[in-house]
Amino acid sequence: MELANKATRIRLFDFKSIQMRTFHMTWLAFHLCFFGWFGIAPLMAVVREDLDLDKSMVGSTIIASVAITVLVRLIIGPLCDKFGPRRTYTWLLVLGSLPVMAIGFADSFETFLMGRLAIGAIGASFVITQYHTSVMFGPNVVGTANATTAGWGNLGGGTTQIVMPLIFTAIVSLGVSETLGWRLAMVVPGMVLFATGIAYWFVTRDAPDGDYRELREQGLIPPAKNERGGWGTFKTAAADYRVWALFIVYAACFGVELTINNVAAIYFFDEFELDLKTAGLIAGLFGLMNLFARTLGGFFSDLFARYRGLRGRVQFLFLALLVEGFALILFSQMTVLALAIASMILFSLFVQMSEGATFGLVPFMHKKALGAVAGIVGAGGNAGAVAAGFLFKSESLSYGQGLLFLGCAVVVCSFSALAVRFSPAVQAEEDAALREAMAERKRDDDVADAEPSPA
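Taking the numbering used here, the leading residue of the sequence shown gets 1007, the next gets one more, and so forth.
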């Protein structure tokens, strides 16, 4: 849908405008979701011993943590179209906090598996984050805005790897056993998620001019009926082969990132015989690249669009994903710790740039079905993680071999990006919108320059 008063620039220190309040709140919410979603991952060495899990069981819990997210992401996008991102995010955070706190009651493989399956629903938060920034920012900066909110959100995957072992260590230092310690540690992210859900309701709005309910009552946006209803927007998005091409692309980048978030700490723990805290710290470096790497992907997507239009966005996405695949192959072959860390950082850079470039394209696919498109493409990330999870579930494959096969798969999937094409009419329309957004930004700059400086 077309919404008015979208921001044409990103002012990071502006906490007054609704566009920037939403920008900061939505990346923070997504960031904190990682503490619930993957908070247990850096503690798996302790959980594995406590619940007597073998490699196959650990692999099954990894798959469970991302499998349910595929379904929930498909549902959550149309819910954003129908009810708006503010209500949808609030309820997801509040309800999602419950299984995070409850997983501490797990006392067997089966109950732990169900706990990780339920927690996986929180991963749908990504779709709402991308949806909310897409409706708040204009075409000249939407790629950068989407990439930055997602990147700073994904940074939670890195900080989780570092912070959760510290929380666990602090609890154990009080005299609590390790068996009880990991369970109490998971209460912390659950409480934080619940509080964040309440804050999201009070800090944000659905769109620059108000909530969807108010805008529909005023006739400013169409009612959520028929093709603009939840199911109608999903059918529109699902009928477009380009959406499924991006589904595959996102499986090969975000799906890979989710997999690394789950296995990195235990990989370094086992392969290089490190202690839990050190393995978590190194694994955290992978996610910490989100501080800037995903933003770079969105920035270059916007930059290529200024010179080559929508075709430029597609071309950059292909190149970033191709390099990601080769970098992962390189990482899989490293047997020296320092080289493994260096190659992992290089690989992480292009993983996250690919993600940013993917959602630099999503807002231009179907504006009337933005939520559904974001949901389907976002679900691709989790579908990729589920598929990759089977590589690390097998007893016959080492972690290094699994990473090698995964890198080869990414190289093949990169060519799916080239299937995304736009008609000349759509390209002309978006070029005109981009020029208008750039002109509006220049007018704002001129007005700011003309204002007298304070004495």
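Glycine included, every Cβ here is placed at the ideal spot set by N, Cα and C.
Because the structure is a prediction, the values reported are computed rather than measured.
Straight-line gap, Leu-1403 to Met-1120 (C-alpha atoms, nearest Å): Rounded to whole angstroms, the separation of the alpha carbons of Met-1120 and Leu-1403 is 25 angstroms.
Going by DSSP, which residues form a beta bridge with Ala-974? This structure leaves residue 974 out entirely; the chain is present only between 1007 and 1461.
N-terminal and C-terminal residue of the alpha helix (DSSP H) that Asn-1268 is part of: Secondary structure note for Asn-1268: its alpha helix (DSSP H) is the uninterrupted segment 1247-1277.
Do you know offhand how far Ala-1243's Cα is from Cys-1419's? Straight-line measurement puts the Cα of Cys-1419 at about 21 angstroms from the Cα of Ala-1243.
What is the DSSP secondary structure of Phe-1332, counted as helix, strand or coil? Three-state result, Phe-1332: helix.
How far does the alpha helix (DSSP H) with Pro-1105 in it reach, from first residue to last? For Pro-1105, the enclosing alpha helix (DSSP H) covers residues 1091-1108.
Give the DSSP-derived three-state secondary structure of Ala-1013 in the structure shown. Here Ala-1013 sits in strand by DSSP.
I need the boundaries of the alpha helix (DSSP H) containing Asp-1056, first residue and last residue. Per DSSP, Asp-1056 belongs to the alpha helix (DSSP H) from 1050-1056.
Would you list the residues sitting across from Phe-1143 in a DSSP beta bridge? Ala-1013.
Check whether the region 1123-1140 touches the region 1058-1075, counting contact only when three or more Cβ pairs, one atom from each stretch, lie closer than 8 angstroms. Yes, the region 1123-1140 touches the region 1058-1075.
Limits of the unbroken alpha helix (DSSP H) element including His-1037: First-last of the alpha helix (DSSP H) with His-1037: 1024-1043.
Integer-rounded CB distance, given that Arg-1317 should sit under 8 angstroms from Thr-1210: That belief does not hold up - the Cβ atoms of Thr-1210 and Arg-1317 are roughly 34 angstroms apart, past 8 angstroms.
Within this structure, are the beta carbons of His-1030 and Leu-1161 separated by less than 8 angstroms? Judged by beta-carbon spacing, Leu-1161 lies beyond the 8 angstroms limit of His-1030, meaning their Cβ atoms are not closer than that value.
Local conformation of Pro-1229 per DSSP, three classes: If DSSP states are grouped into helix, strand and coil, Pro-1229 belongs with coil.
Who are the Cβ neighbours of Gly-1286 in its own chain at under 8 angstroms, not counting the five residues just before and after it? Within the same chain, Gly-1286 has close Cβ partners Pro-1048, Gln-1167, Ile-1168, Met-1170, Pro-1171 and Ala-1271.
Taking the CB atoms as reference points, tell me whether Leu-1487 and Phe-1111 lie closer together than 8 angstroms. Beyond the ends of the chain as shown, which are 1007 and 1461, falls residue 1487; an answer cannot be given.
Buried versus exposed call for Val-1342 [16 or more other C-beta atoms within 10 Å across all chains shown]: Exposed is the call here.
Whose CA, out of Ala-1443, Gly-1395 and Cys-1086, lies closest to the CA of Phe-1240? The shortest C-alpha separation from Phe-1240 is found at Cys-1086.
Using a threshold of 8 angstroms, state whether the C-beta atoms of Arg-1079 and Gly-1381 are closer than that. Result yes, Cβ atoms of Arg-1079 and Gly-1381 sit closer than 8 angstroms.
Can you tell which of Asp-1437, Met-1107, Ala-1205 and Ala-1393 has its C-alpha closest to the C-alpha of Leu-1264? Answer by Cα proximity: Ala-1393.
Excluding sequence positions up to five away, which residues of its chain have a Cβ less than 6 angstroms from the Cβ of Val-1269? Excluding residues up to 5 positions away in sequence, Phe-1398 lie with their Cβ nearer than 6 angstroms to the Cβ of Val-1269 in the same chain.
Start and end of the alpha helix (DSSP H) containing Lys-1283? Counting along the chain, the alpha helix (DSSP H) containing Lys-1283 begins and ends at 1282-1294.
Arg-1079 in three-state terms, based on DSSP: Helix.
Assigned exposure category for Ala-1461 - 16 Cβ within 10 Å defines buried: For Ala-1461, the predicted structure reports a pLDDT of 47, less than 50, and the residue's modelled location is therefore unreliable. The matter cannot be settled from this model.
Using only CA atoms, which one of Thr-1165, Ile-1125, Leu-1104 and Gly-1090 lies nearest to Thr-1139? For the residues Thr-1165, Ile-1125, Leu-1104 and Gly-1090, the minimum Cα distance to Thr-1139 belongs to Gly-1090.
Between Leu-1325 and Thr-1364, is the Cβ-Cβ spacing less than 8 angstroms? The answer is no: Cβ separation not under 8 angstroms.
Residue environment, Trp-1237, which counts as buried when at least 16 other CB atoms sit within 10 Å: It is exposed - the Cβ of Trp-1237 has fewer than 16 other Cβ atoms within 10 Å.
Specify, as a first and last residue, the run of the alpha helix (DSSP H) that Arg-1189 falls within. For Arg-1189, the uninterrupted alpha helix (DSSP H) segment begins and ends at 1184-1191.
Measuring straight from C-alpha to C-alpha, what distance separates Gln-1321 and Cys-1414? About 20 angstroms.
Along the chain, where does the alpha helix (DSSP H) containing Ala-1344 start, and where does it finish? Ala-1344 -> alpha helix (DSSP H) spans 1343-1364.
For Met-1340 versus Ser-1354, is the C-beta spacing smaller than 8 angstroms? Contact flag unset, no.
With distances taken between CB atoms, is the gap from Thr-1338 to Leu-1410 smaller than 8 angstroms? As written in the sequence, residue 1338 is Ser, which differs from the Thr given in the question. Yes.
Confirm, please, whether the CB-CB distance from Gly-1384 to Ser-1307 is below 8 angstroms. No, Cβ-Cβ distance for Ser-1307 and Gly-1384 is not below 8 angstroms.
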